[in-house]
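Working notes for the structure below.
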Amino acid sequence: MVEYKETLLMPKTDFPMRGNLPANEPKMQEKWNGMDINKLQMERTADRPEFVLHDGPPYANGDIHIGHALNKVLKDMITRHRSMTGYHVNYIPGWDTHGLPIEQALTNKGVKRKEMSIADFRQLCEEYAYEQIDRQRTQFRRLGVRGDWENPYITLKPEFEARQIEVFGRMAEKGYIYKGLKPVYWSPSSESALAEAEIEYQDVKSASIYVSFAIKDAKGVVPADAKFIIWTTTPWTLPANLGISLNPEFTYVVVAVEDKKFIIAKDLLETVSTALEWTSYEIVQEVKGQEMDRIVAQHPFYDRESLVMVGEHVTAEAGTGCVHTAPGHGEDDYNIGKLYDLPVLSPVDNRGCYTDEAPGFEGVFYNDANKMVTAKLEEVGALEKLSFFTHSYPHDWRTKKPVIYRATPQWFASIDAFRDELLAAVKDTTFTPTWGETRLYNMIRDRGDWVISRQRAWGVPIPIFYAENGEPIITPETITHISALFREHGSNIWFQKTAKELLPEGFTHEGSPNGEFTKENDIMDVWFDSGSSHQGVLVERGMKYPADLYLEGSDQYRGWFNSSLITSVAINGHAPYKGLLSHGFVLDGDGRKMSKSLGNVIIPEKVMNQYGADILRLWVASVDYTADVRISMDMLKQVSEVYRKIRNTFRFLHGNVSDFNPQTDRVAYADLREMDQYVYMRLQDVLKTVRAAYDRYDFAAVYHAVNNFVALELSSFYLDIAKDVVYIEGHDNKDRRAMQTVMHDTLMTLLKVMTPIIPHTTDEMWSYLDVEEASVQLTDFPEVVEQANFESLRAKWDNIIAVRNDILKALEEARNAKTIGKSLEAKITVYAKEDIVALLSDANIDFAQLSIVSAFEVAPLDAAPAEALALEHVSIVVEKATGEKCERCWSISETVGSHAEHATVCARCAEVVEKYYA
33 MVEYKETLLM PKTDFPMRGN LPANEPKMQE KWNGMDINKL QMERTADRPE FVLHDGPPYA
93 NGDIHIGHAL NKVLKDMITR HRSMTGYHVN YIPGWDTHGL PIEQALTNKG VKRKEMSIAD
153 FRQLCEEYAY EQIDRQRTQF RRLGVRGDWE NPYITLKPEF EARQIEVFGR MAEKGYIYKG
213 LKPVYWSPSS ESALAEAEIE YQDVKSASIY VSFAIKDAKG VVPADAKFII WTTTPWTLPA
273 NLGISLNPEF TYVVVAVEDK KFIIAKDLLE TVSTALEWTS YEIVQEVKGQ EMDRIVAQHP
333 FYDRESLVMV GEHVTAEAGT GCVHTAPGHG EDDYNIGKLY DLPVLSPVDN RGCYTDEAPG
393 FEGVFYNDAN KMVTAKLEEV GALEKLSFFT HSYPHDWRTK KPVIYRATPQ WFASIDAFRD
453 ELLAAVKDTT FTPTWGETRL YNMIRDRGDW VISRQRAWGV PIPIFYAENG EPIITPETIT
513 HISALFREHG SNIWFQKTAK ELLPEGFTHE GSPNGEFTKE NDIMDVWFDS GSSHQGVLVE
573 RGMKYPADLY LEGSDQYRGW FNSSLITSVA INGHAPYKGL LSHGFVLDGD GRKMSKSLGN
633 VIIPEKVMNQ YGADILRLWV ASVDYTADVR ISMDMLKQVS EVYRKIRNTF RFLHGNVSDF
693 NPQTDRVAYA DLREMDQYVY MRLQDVLKTV RAAYDRYDFA AVYHAVNNFV ALELSSFYLD
753 IAKDVVYIEG HDNKDRRAMQ TVMHDTLMTL LKVMTPIIPH TTDEMWSYLD VEEASVQLTD
813 FPEVVEQANF ESLRAKWDNI IAVRNDILKA LEEARNAKTI GKSLEAKITV YAKEDIVALL
873 SDANIDFAQL SIVSAFEVAP LDAAPAEALA LEHVSIVVEK ATGEKCERCW SISETVGSHA
933 EHATVCARCA EVVEKYYA
């Protein structure tokens, strides 16, 4: 006797239902490393056009965080996609290795920098940097990021430093490098100048004071006994005051308040009178700002003049319209002071303490001096009002301590000299998202000159010598020589040799008649390091320059995007990139910034240990990364459910094509049934959508397209219906082979298009297939196929699917009413309008099979009985099907028992059993 269940062609696959990714992904990565998958993919695509995504280097310090994971996975999805769609991709990861964090890390470990030579300290910094690189490299690779991990670029490597020196030299040759005494951001906590990119803002509580300045020489313009009132939030800068700035176009008023007279801007009179609590006042004179130019005021507590000047930078947004001016402590102050030939006074040292140029405050830390200055003002009767307010103030992004504006001799890169070229280069760049163009354009338009010198030890030295007369020496000859020395020995040689030893043999200079030279002790801003990477990597390694794409966080519009643009335009006249793509920051599930104190930090390693890298990668694909994104363990759990659905779809498809040979069993498209053609068409729709989405870096569109296709077209429709054919019919049945053809193509397409996102899983599935390629990564995306009947097919089957959805609703109602149990127990009669009746009367479509019922009839709408369920497109009656349940296919049929040898199965099943299993 035949065991009917043994005659069913059930799915056969060893591909496991559960991924067990935390345990299996490292094994897959070992396999990739063993076969050198990156080398294989590069060899396979060697003759293709190059696509260069140039890696912005993370800083080599500490474990990677979730922002790193977002960044590196986005890059990996792009490079994997490009290598599977017609391009040659060599992704070279990089690391930024110079700068203060490593110096601080060593200090925290007990290294006493002052007790060793600079060269020895720098050697320790280098060793520490390499330790951190190895640590981060392991973590990045665990994410499944593919690249040339054995040959990364590292900013401390001699060949990189040599190229950086060349960039500096070429900028100097064009006159873009100069030394100046002007106010820059200065970090007392780091004892170094900072660039704008190294500044972040935090709220602080500050003093707000109104101070009166007596007049020494009124020039006959205003009463000699009147006083100017200034407003400032930095009392500590008053020892450096050298002037008062007015707006030449403003109308100012001399106001009598009791027995005193004060000068303020007329537009601010009401605000100031309220702040200073004047109960009554009288305007005794109005005067234009321009008329008071070069009036001489008296410093409140020093025997020093304070010059009245006029400038357009003075606004009426706040204060009094009379601006305290200290050229050594503000950019606007410096600029107007320069016009009036004021000296640049900055009586604060590297540590933020007053020098002897601030009598009475020597040695006091600037912030501590606020109280002392205020007390001094009160003592001399110049303090008109003291209050406090909270506002946003610049801080050192590394030490998190406040910074000050302080004039010190620094090396600068001029931006003004080629600003128009920079702005033109921005316009020539493609931005994703598009708002990035405005952001970068405005930053370049508004930024000042770039302070590139740093008073630190760990970095690339500024390759400048000084003659005996103090003249800086930067010549093509010296630059070429130093670049060659750095390439051979690394930049530490600068600190190991004297200036004479570092200069070309026999070098002479008219400024050094005795042949004596000194060298610059400052290092370059680290943004100059990474900003030179287009030369240190792309040009150095013979890659395409400009790169196709730079991709980093949105903070890099003022960082790496900015510095790279400046150096590239300066030396070559164009941007180093054709396209810029930026992503947002990663927040917790409630939209809060992650911090240890809040306990809401999600660590990539923890996610991978719990869920696996492919879940984290799928999360990256699921979010709109162009804005800030949210992550939580609950969100990852939801993503893992989507992953499970996709994985099990792979498994189901594979199990049902186990006996299918695409070389011999494939059914031509023209010979497929309409339903199979429709699903094949939808597969092509998805492929077209996905390819376009990848091309525009819209991974969320890929994620949603695949997820919807898997859930709606496959799981809830085609694969559900397929069981009645693929399980039930004989192995070589034409309908079965037709469905297997579509299933096979679907599996292959989904595996390939999901490889950039979940490569561990797709390669695991690939290993179970009978294919030539050792990895799915060594294949290409399929091309979109168009068939002549697609549009007519779409129109027809969109209507059929709409009716089928009504049928499914009716079956659900019948189940709830206990009319039927499973849908195969049902007979349905569909009552419809004439056009739908014609549609459902197509003899070539098995509507019972399509609806997963045992009997299906269609009738005109006007024949519908009262009990018919009226739905959107049709009315339906669901009733129990007549006949017996087939033991093999479970359908209800009146043909059960019609075959003498097979009394418990329907005629269809009896025929199959007789033909294939008798």
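The working numbering puts the first residue of the sequence shown at 33, with every later residue one more than the last. Think of the CB as a built atom: it goes at the ideal place given N, C-alpha and C, for glycine as much as any other residue. Here the structure is a predicted model, which is why all the values come from computation and not from measurement.
DSSP, read as helix, strand or coil, puts C385 in strand.
Closest in C-alpha terms to Y334, from the list H345, A414 and K292, comes A414. In the structure shown, the three-state DSSP call for H361 is coil. Classified as buried, E230 has 16 or more neighbouring CB atoms from the shown chains inside 10 Å of its CB. Its chain contains I852, S855, A858, I860, S883, V885 and V910 as the residues whose beta carbon lies nearer than 8 Å to that of L843, once the 5 sequence neighbours on both sides are disregarded; these appear in chain order. Judged by their CB atoms, W526 and L535 are not nearer to each other than the 8 Å cut-off. Proximity of the segment 76–95 to the segment 574–582 meets the contact definition, three or more beta-carbon pairs being nearer than 8 Å. Its Cα nearest to that of V937, the residue S923 stands out among S923, K947, E223 and P133.
Per DSSP, reduced to three states, the secondary structure at G585 is strand. Three or more Cβ pairs drawn from the segment 443–453 and the segment 601–613 lie within less than 8 Å of each other, which places the two stretches in contact. Going by DSSP, F888 is part of the beta strand (DSSP E) stretching over A887 to P892. Secondary-structure assignment with DSSP links D128 through a beta bridge to Y91. Nearest to H521 by alpha-carbon distance, out of D299, Q155 and G468, is Q155. Leaving aside the five residues that flank I150 on each side, the residues in its chain whose CB is nearer than 8 Å to its CB run, in chain order, A489 and F527.
Going by beta carbons, V483 and A225 fall inside the 8 Å limit. Of all alpha-carbon atoms in D554, E411, P379 and V121, the one lying nearest the alpha-carbon of V396 is that of P379. When DSSP states are grouped into helix, strand and coil, Y284 belongs to the strand group. Beta-bridge pairing by DSSP links H931 to H934.
Distances from the CA of Y712 to each of N632, P788, S664 and V816 were compared; the closest alpha carbon is that of V816. Taking G51 as reference, the option from G212, P791, E926 and S930 with the minimal CA-CA separation is P791. Taking all protein chains shown into account, A439 has 16 or more neighbouring C-beta atoms within 10 Å of its C-beta and is therefore buried. Take the alpha-carbon of V492 and the one of V652: they are about 36 Å apart. The DSSP-derived three-state label of Y242 is strand. Linking K403 to S277 through their CA atoms gives a straight-line distance of about 25 Å. Scanning its chain for C-beta atoms nearer than 6 Å, with the 5 sequence neighbours on each side dropped, one finds around D660 the residues G616, F617 and L619, in chain order. C-alpha of H427 to C-alpha of D235: approximately 10 Å in a straight line. Less than 8 Å separates the beta-carbon of F497 from that of T510. When the Cα atoms are used, M203 and T599 turn out to be separated by approximately 8 Å. For A329, the closest alpha carbon among the candidates K320, S824, G176 and I262 is that of I262.
In the pairwise beta carbon analysis, the segment 794–802 is classified as not touching the segment 722–741: fewer than three pairs are separated by under 8 Å.
Between the C-alpha atoms of K628 and D95 there is a straight-line separation of about 14 Å. Under DSSP, S419 takes part in a beta bridge, and its partners are S240. The distance from the Cβ of V906 to that of A942 is about 34 Å, inconsistent with a contact at the 8 Å cut-off. Remark: C-beta atoms of L810 and E706 do not approach each other more closely than 8 Å. When the five nearest sequence neighbours on each side are left out, the beta carbons in the same chain lying within less than 8 Å of the beta carbon of G611 are those of T461, T462, F463, T464, D580, L581 and Y582, in order along the chain. At a Cβ-Cβ threshold of 8 Å, D561 and T187 count as neighbours.
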